[in-house]
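Student: Before anything else, here's the structure in question.
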Amino acid sequence: MSEAQEFKYIGQRTVRPDGFDKVTGRAAYGADLTLPGMIWGKTLRSPHAHAKIRSIDISKAEAHPDVMAVATFKDFVTLQSESIAAGEGSADVLDLAKNCLADDKVLYHGHAIAAIAARTEQAAKDALSLIEVKYELLKPVMDVEDAMKEDAVVLHDDMFTAGYEEKPARASNIATRVEMKMGDVDAGFADADVIVEREFRTPTAHQGYIEPHACTVTYDEDGQSMIWCCTQGHFDVRTSTAKVLGMELSKLKVVASEIGGGFGGKTVIYQEPVALILSKKSGRPVKMVMDRDEVFIATGPTSAAKLKAKVGIKKDGTITAMQGWMAYEAGAFKGSPMMPGVMTMFTPYDCPNVLVEGFDVVVNKSKVAAYRAPGAPQAEYAAEMVINELAEKLGMDPIDLRLKNAAKEGTQTIYGPKLKKVGLVECLEAAKNSPHYQSALPEGQGRGLAAGFWFNVGGQSSVTVNMNTDGTGTIVEGSPDIGGSRASMQMMAAEVLQIEPKHLKPIIADTENLPYSQGTGGSRTTFATGMAVIEASEKVVAQVKERAAAVWNVTAEQVDYADGVVRNTAGEDSMTLAEVCKGAEKTGGQISGSANINARGAGPSFAVHICDVAVDQETGKVDVTRYTAIQDAGKAIHPGYVEGQLQGGAVQGIGWALNEEYIFNEDGVMENPGFLDYRIPLASDLPMIETIIVEVPNAFHPYGVRGVGESGIIPPLGAVGYAVGNAIDRKVEELPCSPPRVLALIQNG
Amino acid sequence: MVSVVYEAPDSIDGAISLLANADVPAKVLAGGTDLIIQTNGSADVSRLFVDVKKIAGMLDANLSAEGLDLGPSMSCAEFTAREDIKKVFPGLVEAAYLIGSTQVQGRASIGGNLCNSSPAADTIPALLVNGAQCVIAGPGGERSVAAEDFMTGVGRNCMEKGELLKTIHLPTPAANTSDAYLRFIPRTEMDIAVAGAGVSLTLDDSGTCIAAKVAIGAVAPTALLVSAAADALIGTKLDDDALQAAADAASAASSPISDRRGTAGYRKQIVGVLVKRAAKIAATRAKGN
Ligand SMILES: Cc1cc2nc3c(=O)[nH]c(=O)nc-3n(C[C@H](O)[C@H](O)[C@H](O)COP(=O)(O)OP(=O)(O)OC[C@H]3O[C@@H](n4cnc5c(N)ncnc54)[C@H](O)[C@@H]3O)c2cc1C
Chain A
1 MSEAQEFKYI
11 GQRTVRPDGF
21 DKVTGRAAYG
31 ADLTLPGMIW
41 GKTLRSPHAH
51 AKIRSIDISK
61 AEAHPDVMAV
71 ATFKDFVTLQ
81 SESIAAGEGS
91 ADVLDLAKNC
101 LADDKVLYHG
111 HAIAAIAART
121 EQAAKDALSL
131 IEVKYELLKP
141 VMDVEDAMKE
151 DAVVLHDDMF
161 TAGYEEKPAR
171 ASNIATRVEM
181 KMGDVDAGFA
191 DADVIVEREF
201 RTPTAHQGYI
211 EPHACTVTYD
221 EDGQSMIWCC
231 TQGHFDVRTS
241 TAKVLGMELS
251 KLKVVASEIG
261 GGFGGKTVIY
271 QEPVALILSK
281 KSGRPVKMVM
291 DRDEVFIATG
301 PTSAAKLKAK
311 VGIKKDGTIT
321 AMQGWMAYEA
331 GAFKGSPMMP
341 GVMTMFTPYD
351 CPNVLVEGFD
361 VVVNKSKVAA
371 YRAPGAPQAE
381 YAAEMVINEL
391 AEKLGMDPID
401 LRLKNAAKEG
411 TQTIYGPKLK
421 KVGLVECLEA
431 AKNSPHYQSA
441 LPEGQGRGLA
451 AGFWFNVGGQ
461 SSVTVNMNTD
471 GTGTIVEGSP
481 DIGGSRASMQ
491 MMAAEVLQIE
501 PKHLKPIIAD
511 TENLPYSQGT
521 GGSRTTFATG
531 MAVIEASEKV
541 VAQVKERAAA
551 VWNVTAEQVD
561 YADGVVRNTA
571 GEDSMTLAEV
581 CKGAEKTGGQ
591 ISGSANINAR
601 GAGPSFAVHI
611 CDVAVDQETG
621 KVDVTRYTAI
631 QDAGKAIHPG
641 YVEGQLQGGA
651 VQGIGWALNE
661 EYIFNEDGVM
671 ENPGFLDYRI
681 PLASDLPMIE
691 TIIVEVPNAF
701 HPYGVRGVGE
711 SGIIPPLGAV
721 GYAVGNAIDR
731 KVEELPCSPP
741 RVLALIQNG
Chain B
1 MVSVVYEAPD
11 SIDGAISLLA
21 NADVPAKVLA
31 GGTDLIIQTN
41 GSADVSRLFV
51 DVKKIAGMLD
61 ANLSAEGLDL
71 GPSMSCAEFT
81 AREDIKKVFP
91 GLVEAAYLIG
101 STQVQGRASI
111 GGNLCNSSPA
121 ADTIPALLVN
131 GAQCVIAGPG
141 GERSVAAEDF
151 MTGVGRNCME
161 KGELLKTIHL
171 PTPAANTSDA
181 YLRFIPRTEM
191 DIAVAGAGVS
201 LTLDDSGTCI
211 AAKVAIGAVA
221 PTALLVSAAA
231 DALIGTKLDD
241 DALQAAADAA
251 SAASSPISDR
261 RGTAGYRKQI
271 VGVLVKRAAK
281 IAATRAKGN
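Protein chains in written order, with the numbering used here: chain A, 1 to 749; chain B, 1 to 289.
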């Protein structure tokens with residue numbers, strides 16, 4: 001693609017096609033499907049963080065007059081351990097099933113044990129108390145420190161640490177150890193004039209989507225079944241559910257409802273297979289909707305982590321060595337995002353000597369799920385805090401220090417490839433020139449800055465563009481729209497078809513209407529599904545030219561297409577797109593284009609954030625007074641929704657840095673499973689997040705797109721953490737910066 | 001068979017009779033912003049709800065030479081819109097304004113806040129420093145109880161079966177008196193006080209504090225009047241030492257618990273900070289009067 005493309009529609013701020021439905025309340029979300037004869041499912045959850053299940057007696061519940069079915073782990077097919085694609089990574093099917101309904105052990109407070117379907121929601125709730133479970137309590141293991149001890153209580157006696165040459169002799173809570181390196185860090189540190197090494201901690205945090213997990217399912221006499229649910233990836237819901245229930249894919253249709261937030265957390269199954277079991281047993285449609293406390297205790301959080309970062313630097317600001325160590329909580333089953341943590345930690349820097357070691361550790365908390373740039377915020381927080389401290393020690397501007405060492409085209413990454421063209425330098429320069437950075441810091445406040453790197457992914461997307469006989473069209477795609485992507489698809493198709501976006505209706509098809517499409521995650525949809533939309537639209541244009549050529553008796557190459565009109569370059573003839581579509585029945589049948597692609601060449605998106613805070617020295621309360629998010633979008637298809645992603649990422653990261661954390665009592669029971677005491681920021685807590693979109697095109701996308709959904713959550717942890725430290729003249733090594741913790745830092749140093 | 005009965009009598013006597021004769025747990029319903037949440041989802045026992053909002057006077061507020069007679073069920077939204085009351089009791093109005101959100105304020109009442117008797121209730125410290133009297137009506141007639149004697153524990157108060165709160169009376173403050181209420185929460189709204197402090201001050205012409213009341217919330221089983229903190233202010237010009245002495249007295253009088261909203265140690269400190277700050281605001285207001 002050329003550097004400076006002229007666009008007709010791309011870059012406009014159109015009204016989103018789902019806007020009216022959403023503001024009027026018409027949009028149908030996960031809990032909004034009701035079917036004739038439908039009954040309600042409710043889940044019995046463990047009150048204990050760690051226990052063996054001695055027995056489950058469901059006979060009394062089954063005898064309840066309103067109860068129509070009861071499900072336990074026994075209802076799953078016999079499963080072997082097997083890794084399948086799930087969410088933004090992979091999962092073991094057996095673990096998936098054991099997380100949906102506990103087998104012989106409960107592994108966290110909130111772990112599902114059994115489910116009941118009854119005629120009413122209240123009856124289902126009431127009947128839960130009729131299920132008798134006998135437990136043998138075990139000591140809960142609540143953090144990586146305890147979990148990694150030699151004599152730790154072990155969650156899974158069949159788990160042996162992977163990543164060592166020899167299989168360890170004893171089972172352990174460490175699922176995996178990873179080491180990545182390049183160059184020679186010892187030599188690099190020997191070259192350094194200044195070295196800073198610190199240890200950090202981040203808390204268990206939840207994605208905090210407003211819509212709870214919900215589904216309505218049916219299972220017919222002949223085994224045909226349907227799941228309606230809110231998910232980021234309905235094809236993956238189908239794969240996972242079919243696997244744990246031993247079904248053929250053709251028997252299971254999954255429909256993605258509108259979705260009220262996911263942020264990575266709606267990429268895994270929880271209730272869906274359980275509801276299907278209940279539907280199969282009862283012969284009725286079954287609806288299951290989680291309560292808010294269930295969402296907190298049994299879904300989604302991201303890893304709490306313990307990290308170390310050590311960076312060496314020369315007096316002139318050249319970084320000579322970078323070393324990291326991290327242990328990530330996976331929750332009850334292996335599979336934390338430690339690996340992307342290891343890979344991203346130092347990627348914003350061009351340094352030849354890097355060594356990072358990571359551990360994936362199980363603890364008695366709910367299994368973590370992907371959360372916006374999974375694993376990166378924790379690791380890059382540690383790195384960015386140390387980089388800022390080095391800048392301070394050298395008396396160097398933190399942007400200049402980063403510019404001196406910034407990753408750019410050709411920089412060797414620790415995980416293998418060299419970077420292609422990326423926009424970190426451009427983001428840093430934009431930050432430096434921003435009104436915010438140019439402004440003097442108000443008296444008594446603190447300022448922090450941090451960079452963030454996320455890979456972004458491509459992957460499989462299937463799209464069909466169907467043209468109507470009046471020249472309008474439908475864009476049939478398989479990527480649930482969490483952040484306004486339908487508007488972007490519309491604009492990309494419009495750009496190719498050269499007609500106004502409003503004439504093209506984008507829809508999210510169910511799993512029976514398209515081949516497999518990966519879920520919306522990894523910032524892939526506007527990039528990869530967008531590429532498929534462009535390719536499918538180009539096929540439509542090619543057909544339109546062929547049809548016109550046939551009518552005019554010329555070759556397709558002699559036909560030109562522009563502004564929605566085909567022209568015969570060998571004559572005077574022309575036809576509008578609508579005329580070609582109208583005549584399609586006579587020229588070979590209706591016109592459509594499909595593209596089922598596996599997109600390669602996702603372009604990483606770098607972000608740089610600037611944060612000012614005021615700290616109440618007597619209470620420890622932190623107020624973010626000004627905040628600017630700068631990020632490389634490659635090309636912003638819809639700038640308004642790109643800004644929304646930048647702001648949303650920043651706000652989630654600020655929440656994580658300031659007040660969000662799971663609080664557990666000594667028995668491992670979560671004490672704040674609700675939005676009252678799990679404190680995500682309110683609109684009134686924050687200033688307007690200023691945004692600057694940088695556009696360094698990604699050569700692998702026809703219009704230059706990079707994904708923008710995730711990088712924005714990475715820098716806030718370091719930017720806020722450092723700003724707070726700057727305001728109180730302390731080192732902030734533990735998040736969140738909640739008032740009691742900040743006051744203790746002020747008073748105790 | 002479980003049944004939930006809703007009654008809306010139009011007289012105090014009607015309400016008393018319903019409450020006194022109920023053979024199932026009976027509750028007065030004002031805005032319901034505590035009550036409905038507390039009973040949500042449990043259709044397990046029969047209940048009687050007696051809505052008192054149809055009774056004359058329950059939703060009114062009269063400001064006269066004697067002071068304020070507040071109908072306990074008046075919504076916070078209506079209460080905080082009363083400029084005349086705000087002039088006299090700005091601290092109580094700001095306490096009422098802190099409750100919940102715009103939506104919650106349309107229903108929530110000061111009487112409900114008081115009768116729910118949560119240790120963290122925002123209006124209670126402000127009522128205490130203004131010498132509020134609770135007029136209670138019951139089968140045996142009416143009685144008046146000082147607000148500081150009204151609460152008897154966490155979520156408990158001195159009302160007996162068949163009784164209800166009829167009026168909250170606040171005497172007219174002396175000249176050059178004003179009040180303030182502050183609470184601490186980690187965010188800006190929609191949260192429950194980690195600690196709260198109300199202060200009322202009377203100044204003489206030279207700016208010396210001649211009378212004071214200090215109340216603290218969320219740091220003991222009930223909101224408390226702290227006379228030692230008030231004494232530390234009386235006779236001073238509210239210099240830093242006096243304010244610090246009041247803060248220390250408030251911290252010393254508190255006996256907070258550690259929970260998900262804050263540790264005991266943190267709450268003890270914060271309540272002192274709030275007392276200092278509220279005293280400064282009250283003093284500024286008193287000077288302006
Ligand atoms: C989202 C939300 C946010 C909130 N935020 C705050 C906050 O910031 N600060 C705060 O202090 N509270 C807060 N609350 C709690 C609640 O809103 C307040 O306590 C409110 O003042 C209660 O008033 P009400 O009229 O709704 O009481 P109701 O719920 O109707 O009654 C509360 C209790 O008082 C009894 N009662 C009410 N009136 C009388 C009467 N006249 N005689 C005898 N008994 C009576 C009832 O029987 C019940 O036990 C919040 C609640 C919600 C839902």
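Beta carbons are placed, not taken as given, at the ideal position from N, Cα and C, and that holds for glycine. Since this is a predicted model, take the numbers as computed values, not measurements.
Determine whether the beta carbon atoms of A:Gly712 and A:Gln645 lie at a separation below 9 Å.
Tutor: Residue 712 of chain A sits at position 712 when you count from the first residue of the first sequence. Residue 645 of chain A sits at position 645 when you count from the first residue of the first sequence. Yes.
Student: How would you label A:Leu355, buried or exposed, when you count the other beta carbons within 10 angstroms and need 16 or more for buried?
Tutor: As a first step, residue 355 of chain A is located in the first sequence; it is residue number 355 there, counting from the start. Under this definition A:Leu355 is a buried residue.
Student: Rounded C-beta distance between A:Ile714 and A:Ala376? I'm assuming under 8 Å.
Tutor: For this step, residue 714 of chain A is matched to residue 714 along the first sequence. For this step, residue 376 of chain A is matched to residue 376 along the first sequence. That pair is a contact at about 5 Å.
Student: Considering only the alpha carbon of each residue, which of A:Met142, A:Ala275 and A:Ile508 lies closest to A:Ile39?
Tutor: The residue labelled residue 39 of chain A in the question sits at position 39 within the first sequence. The candidate whose alpha carbon is nearest that of A:Ile39 is A:Ala275.
Student: Can you name the residues of chain A whose CB is closer than 9 Å to the CB of B:Glu94?
Tutor: Counted from its first residue, the second sequence places residue 94 of chain B at position 94. Those within 9 Å of B:Glu94 in chain A number zero; the least Cβ separation is about 16 Å.
Student: Counting along the chain, where does the beta strand (DSSP E) carrying A:Glu166 start and finish?
Tutor: On the first sequence, position 166 is the one that residue 166 of chain A refers to. A:Glu166 -> no beta strand (DSSP E), and no H or E assigned at all.
Student: At a CB distance below 8 Å, what residues from the segment 155–184 of chain B approach chain A? Give them in sequence order.
Tutor: If the cut-off is 8 Å between Cβ atoms, the segment 155–184 of chain B has Phe184 near chain A.
Student: Identify the contact partners of A:Ser523 in chain D, using a Cβ-Cβ distance below 9 Å as the criterion.
Tutor: This model lacks chain D altogether; the protein chains it does include are A and B.
Student: Run through the segment 32–68 of chain B for me and flag every whole alpha helix (DSSP H) of 4 or more residues, listed as ranges in chain order.
Tutor: Taking only runs of at least 4 residues, the alpha helix (DSSP H) segments lying wholly in the segment 32–68 of chain B are 35–39.
Student: Kindly give me the distance between the Cβ atoms of A:Arg730 and A:Leu745, rounded to whole angstroms, as I take these residues to be in contact under 8 Å.
Tutor: In the first sequence, residue 730 of chain A corresponds to position 730, counting from 1. In the first sequence, residue 745 of chain A corresponds to position 745, counting from 1. Yes, they are in contact, since the Cβ atoms of A:Arg730 and A:Leu745 sit about 5 Å apart, within 8 Å.
Student: Alpha carbon to alpha carbon, how far is A:Pro697 from A:Met1? Give it in angstroms, no decimals.
Tutor: Position 1 of the first sequence, counted from the start, is the residue given in the question as residue 1 of chain A. Position 697 of the first sequence, counted from the start, is the residue given in the question as residue 697 of chain A. Bear in mind that the predicted position of A:Met1 carries a pLDDT of just 45, short of 50, making it unreliable; the figure below should be weighed with that in mind. If you take the alpha carbons of A:Met1 and A:Pro697, they lie about 9 Å apart.
Student: Can you check the segment 412–484 of chain A for any beta strand (DSSP E) of at least 3 residues that lies completely inside it and give the ranges in chain order?
Tutor: Fully enclosed beta strand (DSSP E) runs of 3 or longer: 446–454, 459–467 and 473–477.
Student: What residues of chain B sit near A:Thr619, judged by a beta carbon separation below 8 Å?
Tutor: As a first step, residue 619 of chain A is located in the first sequence; it is residue number 619 there, counting from the start. Neighbours of A:Thr619 on chain B, chain order: Phe184, Ile270 and Val273.
Student: Should the segment 7–25 of chain B be regarded as contacting the segment 48–65 of chain B, the criterion being three or more beta carbon pairs within less than 8 Å?
Tutor: Output reads yes: the segment 48–65 of chain B touches the segment 7–25 of chain B.
Student: Any residues in the segment 192–216 of chain B with a beta carbon nearer than 9 Å to a beta carbon of chain A? Which ones, in chain order?
Tutor: Residues passing the 9 Å Cβ filter: Ile192 and Val194.
Student: Does chain B have any CB closer than 9 Å to the CB of A:Ser366?
Tutor: Position 366 of the first sequence, counting from 1, holds the residue named residue 366 of chain A. By this cut-off, A:Ser366 is not an interface position.
Student: So which residues of chain B does A:Leu743 contact, with C-beta pairs closer than 9 Å?
Tutor: As a first step, residue 743 of chain A is located in the first sequence; it is residue number 743 there, counting from the start. The contacting residues are Tyr266, Gln269 and Ile270.
Student: In terms of residues, what are the limits of the alpha helix (DSSP H) holding A:Met345?
Tutor: Indexing the first sequence from 1 puts residue 345 of chain A at position 345. Element bounds for A:Met345: n/a, residue is neither H nor E.
Student: Pull up the distance between the alpha-carbon of A:Val254 and that of A:Asn672, whole angstroms please.
Tutor: Against the first sequence, residue 254 of chain A aligns to sequence position 254. Against the first sequence, residue 672 of chain A aligns to sequence position 672. Taking the straight line joining both Cα atoms gives about 33 Å.
Student: Output, in chain order, the set of chain B residues within a Cβ distance shorter than 8 Å of A:Ser738.
Tutor: Against the first sequence, residue 738 of chain A aligns to sequence position 738. Here the neighbours are Pro186.
Student: Please list, in chain order, the chain A residues whose beta carbon lies closer than 7 Å to that of B:Met190.
Tutor: Walking along the second sequence from the start, residue 190 of chain B turns up at place 190. Simply Leu682.
Student: Which residue's Cα is closest to the Cα of A:Ala450: A:Leu428, A:His436, A:Ser461 and A:Asn456?
Tutor: Looking up residue 450 of chain A in the first sequence gives position 450. Of A:Leu428, A:His436, A:Ser461 and A:Asn456, the residue nearest in Cα terms is A:Leu428.
Student: Does any residue of chain A bring its CB to less than 9 Å from the CB of B:Asp44?
Tutor: Residue mapping note: residue 44 of chain B aligns to position 44 of the second sequence, counting from 1. Answer yes: the Cβ-Cβ gap between B:Asp44 and chain A drops below 9 Å somewhere.
Student: With the cut-off set at 9 Å, would you say A:Ala509 and A:Glu258 are in Cβ contact?
Tutor: Residue numbering aside, residue 509 of chain A sits at position 509 when the first sequence is read from its first letter. Residue numbering aside, residue 258 of chain A sits at position 258 when the first sequence is read from its first letter. No, they are not a contact pair.
Student: Would you say B:Arg260 lies against chain A (beta-carbon separation less than 9 Å)?
Tutor: Looking up residue 260 of chain B in the second sequence gives position 260. Taking Cβ atoms only, chain A reaches closer than 9 Å to B:Arg260, which makes this a yes.
Student: What three-state label does DSSP hand B:Asp23 in the structure shown?
Tutor: Here the question's residue 23 of chain B lines up with position 23 in the second sequence. Coil.
Student: Measure how close the beta-carbons of A:Glu661 and A:Pro203 come, nearest whole angstrom, since I'm counting them as under 8 Å.
Tutor: Within the first sequence, residue 661 of chain A is the residue found at index 661, counting from 1. Within the first sequence, residue 203 of chain A is the residue found at index 203, counting from 1. With a Cβ gap of about 4 Å, A:Glu661 and A:Pro203 count as contacting.
Student: List the endpoints of the continuous beta strand (DSSP E) containing B:Arg183.
Tutor: Indexing the second sequence from 1 puts residue 183 of chain B at position 183. Where B:Arg183 is concerned, the enclosing beta strand (DSSP E) stretches over Thr177 to Phe184.
Student: Can you name the residues of chain A whose CB is closer than 7 Å to the CB of B:Thr263?
Tutor: Sequence index remark: in the second sequence, residue 263 of chain B carries index 263 (1-based). What B:Thr263 touches in chain A: Pro740.
Student: Any idea if A:Ala190 is buried or exposed, counting beta-carbon neighbours within 10 angstroms, 16 or more meaning buried?
Tutor: One-based indexing of the first sequence puts residue 190 of chain A at position 190. Exposed, because fewer than 16 other Cβ atoms sit within 10 Å of the Cβ of A:Ala190.
Student: Considering only the alpha carbon of each residue, which of B:Asp259, B:Lys268, B:Ala220 and B:Ala283 lies closest to B:Ala242?
Tutor: As a first step, residue 242 of chain B is located in the second sequence; it is residue number 242 there, counting from the start. Selected option, being the one with the closest Cα: B:Ala283.
Student: First and last residue of the alpha helix (DSSP H) that includes A:Ser758?
Tutor: The structure shown has nothing for residue 758 of chain A, since chain A only spans 1 to 749.
Student: Are there any heavy atoms of ligand 1 lying less than 8 Å away from the beta-carbon of B:Asn116, as far as the coordinates show?
Tutor: Walking along the second sequence from the start, residue 116 of chain B turns up at place 116. B:Asn116: yes, Cβ under 8 Å from ligand 1.
Student: Answer yes or no: do A:Pro740 and B:Tyr6 have a C-beta to C-beta separation smaller than 9 Å?
Tutor: Within the first sequence, the letter at position 740 stands for residue 740 of chain A. Within the second sequence, the letter at position 6 stands for residue 6 of chain B. Not in contact: A:Pro740 and B:Tyr6 (Cβ atoms no closer than 9 Å).
Student: Roughly how many angstroms separate the alpha carbons of A:Ala124 and A:Val386, rounded to a whole number?
Tutor: For the purposes of this step, residue 124 of chain A is identified with residue 124 of the first sequence, where counting begins at 1. For the purposes of this step, residue 386 of chain A is identified with residue 386 of the first sequence, where counting begins at 1. If you take the alpha carbons of A:Ala124 and A:Val386, they lie about 53 Å apart.
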